[in-house]
Each structure stands twice: as structure tokens, then as C-alpha cells.
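Asks: Residue numbers (my numbering): 5 to 276. C-beta: ideal position from N, C-alpha, C; glycine also. Structure incoming, see below.
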């Protein structure tokens, strides 16, 4: 029976399996896992744009934590002025526990959270928003984004890139084909956005180091970020968890790399 400090493998796995997964708050990982952050500072950049918007929409908002943080940063962003919510502000989310969490967090800011599946048409009229944002959407719906943007309006998002954290994925699932997650490649997203009639203003990509310090962090991560190892359960993947735990005990933190890209797109005065 291997241990991590005074904790056995079984203790750590049970701890990772017990942590609630609702919301998009990763503070539980402090001291257990680290991830380098992209240099562009998405939430702070979003804060500036929110102070300048009159009507905003945040897609797949999770528990609303990133949007709430950005609203709170309005007063500290350079030239942003005092914090304020756009006159019309909405957010969408598809997972019921997150809908409830986001509603509680964002309602005090005057933001309406609309429950809608991530792949459904957006329940808003054409040309409603001058700012649409999203952090880590499952798959951006470019045609719908273009439809609800006002002429001259902006989409501002941070997306997960191709083969993100694949060192961890492949430990559990084995080698993955090169085309796996290729639809997340920035060049493919550029083409899809342009096909929807949007103009790309900015597109930047980064590959960032992640370290997992114990197996509890791995378990919680795979339960929370469910698309990494679809259908993950502790019971099904116990052999892989145990071998990874033993590797971390002997070699130190497990290192993986995330990929992220920043996308800023604009709807022209007339959609082509």
C-alpha cells in the first residue's frame, strides 16, 4: 500500500472523488496542481471590454466565476472606469448544477442566466449584443455567434487548443490518433469563424506547463473536465490511477501541457 506523505493511495483517490465538481472554480487545486497562465490575461482583458459594452452575452459561463471576476476587475483595469454591468447582460449554461450556481453568483450583477444546451441555437434575436464572450467553450457556434452580434460587434474568447493535456489523456486511454481534437486547432477555428462571416482581429496560441502533485488532483481534474477521459470513473481506471500514483511517488509531479488560444473576431457592418 503506497502512501503520499501520511495518505494512502486509497485515501487520496477517495478525496479526489469526493470534491464537488460544479462551477468552474479551480481553487481546490492550490498546492496540489499548477498550471501556467497565458500571457494575455483573459479575464482582465474581458473586464475592459465589459465596461465598454452596452449589451453582452457570455456563452457556456460555467458557474459564472470568470465573468464575475471580470466584472469585479472593471475598476482596476487601465482606463476602464468604474465597474459596471452592460445595460443588457446575459449568460448561457447547459449543465443544471452550473445554471443554479451561475444564477446565484451573477444575479447581483444584473446578469440573466439562460439555461440552454451548448449545441442548441442561441435563444436571442439577431444583432442583439455588441460583445459576445466565452472562456473554454466546448465548441464555438460561429454561425450563431455571428447572428446575435450587432454589426461591428466583437466576439472575445479563450479556447482550449488541440491535444490539450494529452500526456494525461494518453496515460489513461493509450496513444491517440493525430487527428484527435484537431477541430480545436486555431487555424481551423479561424476558417470556421470566417466562413460564418466574421473577421479575425486577433488570434494567439500558447502551450502551457501543468504539474499534478498527487493522484487526488488527477482524479478531481478528470471528474471535472469530463471530456478528457469520457466516462471516467475511479473504479474503471483504478489500474491506471495506481500506476500513475506510484510513478508520482518515485519521480515527482506528473507534467503535462495545456494548449490555449485567444480569439477576437468582429462582425463587419454587413455579413457576407
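What residue range does the alpha helix (DSSP H) around residue 142 cover?
Replies: One-based indexing of the chain shown puts residue 142 at position 138. No alpha helix (DSSP H) contains residue 142, which DSSP labels as neither H nor E.
Asks: Beta-carbon separation of residue 219 and residue 260 under 8 Å?
Replies: Counted from its first residue, the chain shown places residue 219 at position 215. Counted from its first residue, the chain shown places residue 260 at position 256. For residue 219 and residue 260, no; Cβs fall outside 8 Å.
Asks: Once you ignore the five residues that flank residue 222 on each side, which residues in its own chain have a CB closer than 6 Å to its CB?
Replies: For the purposes of this step, residue 222 is taken as the residue at position 218 of the chain shown. Answer for residue 222: 216, listed in chain order.
Asks: Can you confirm whether residue 242, when its beta carbon is compared against all beta carbons of chain B, has any partner nearer than 8 Å?
Replies: Here there is only one protein chain, and chain B is not present.
Asks: Excluding the five sequence neighbours on either side, which residues of its own chain have a C-beta within less than 7 Å of the C-beta of residue 62, listed in chain order?
Replies: Position 58 of the chain shown, counted from the start, is the residue given in the question as residue 62. Excluding residues within five positions, the ones whose Cβ falls inside 7 Å are 71, 95, 137 and 138.
Asks: Who are the Cβ neighbours of residue 74 in its own chain at under 7 Å, not counting the five residues just before and after it?
Replies: The sequence position of residue 74 within the chain shown is 70, counting from 1. Result list for residue 74: 47, 50, 51 and 54, in chain order.
Asks: So what does DSSP say about residue 236, is it helix, strand or coil?
Replies: As a working note, residue 236 is residue 232 in the chain shown. Three-state DSSP puts residue 236 in coil, outside helix and strand.
Asks: Excluding the 5 residues flanking residue 28 on each side, which residues of the same chain have their C-beta closer than 7 Å to its C-beta?
Replies: Working through the chain shown from its first residue, we reach residue 28 at position 24. Within the same chain, residue 28 has close Cβ partners 66, 67, 69 and 70.
Asks: Buried or exposed for residue 263, please, with buried defined as at least 16 other CB atoms from any protein chain shown within 10 angstroms of its CB.
Replies: Within the chain shown, numbered from 1, the residue matching residue 263 stands at position 259. Burial call: buried.
Asks: At what residues does the alpha helix (DSSP H) containing residue 247 begin and finish?
Replies: Numbered from its first residue, the chain shown carries residue 247 at position 243. Where residue 247 is concerned, the enclosing alpha helix (DSSP H) stretches over 242 to 255.
Asks: Kindly indicate which residue of 265, 156, 227 and 248 has the alpha-carbon position closest to the one of residue 19.
Replies: Along the chain shown, one-based indexing puts residue 19 at 15. Closest by alpha carbon: 227.
Asks: Report the residue ranges of all beta strand (DSSP E) runs contained in full by the region 131 to 204; include only those spanning at least 3 residues, in chain order.
Replies: Counting whole runs of 3 or more residues, the region 131 to 204 contains the beta strand (DSSP E) stretches 133 to 139 and 153 to 164.
Asks: If you draw a straight line from the C-alpha of residue 278 to the C-alpha of residue 232, how long is it?
Replies: Examination of residue 278 is not possible in this model, given that the chain is present from 5 through 276 alone.
Asks: According to DSSP, simplified to helix, strand and coil, what is residue 59?
Replies: For the purposes of this step, residue 59 is taken as the residue at position 55 of the chain shown. In the structure shown, residue 59 sits in a strand (DSSP, three-state: E or B).
Asks: Quick one: grab the DSSP three-state call for residue 107.
Replies: In the chain shown, counting from the first residue as 1, residue 107 sits at position 103. It is helical.
Asks: Could you tell me the distance, in whole angstroms, from the CA atom of residue 140 to the CA atom of residue 251?
Replies: For this step, residue 140 is matched to residue 136 along the chain shown. For this step, residue 251 is matched to residue 247 along the chain shown. Those two C-alpha atoms are separated by around 30 Å.
Asks: For residue 180, collect the residues of the same chain with a Cβ closer than 8 Å to its Cβ; drop the 5 residues on either side in sequence, then sort them by chain order.
Replies: Counting from 1 along the chain shown, the entry for residue 180 is found at position 176. 167, 170, 173 and 174, listed in sequence order.
Asks: Would you mind giving the Cβ-Cβ distance between residue 207 and residue 267, rounded to the nearest angstrom? I have them listed as a contact below 8 Å.
Replies: To locate residue 207, count along the chain shown from 1; it is residue 203. To locate residue 267, count along the chain shown from 1; it is residue 263. Rounded, the Cβ-Cβ distance is 6 Å, consistent with contact.
Asks: Could you check how far apart the C-beta atoms of residue 238 and residue 37 are, in whole angstroms? I think they sit under 8 Å.
Replies: As a working note, residue 238 is residue 234 in the chain shown. As a working note, residue 37 is residue 33 in the chain shown. Not a contact, Cβ separation roughly 17 Å.
Asks: Secondary structure at residue 83, three-state DSSP: helix, strand or coil?
Replies: Counting from 1 along the chain shown, the entry for residue 83 is found at position 79. Because the pLDDT of residue 83 is 48, which lies under 50, any placement of that residue in the model is unreliable, and the number read from its coordinates should be weighed accordingly. If DSSP states are grouped into helix, strand and coil, residue 83 belongs with coil.
Asks: Which of the three DSSP states, helix, strand or coil, is assigned to residue 217?
Replies: Against the chain shown, residue 217 aligns to sequence position 213. In the structure shown, residue 217 sits in coil (DSSP, three-state: anything other than H, G, I, E or B).
Asks: Taking the alpha carbon of residue 127 as the point to measure from, which residue in 43, 135, 97 and 104 has its own alpha carbon closest?
Replies: As a first step, residue 127 is located in the chain shown; it is residue number 123 there, counting from the start. Of 43, 135, 97 and 104, the residue nearest in Cα terms is 97.
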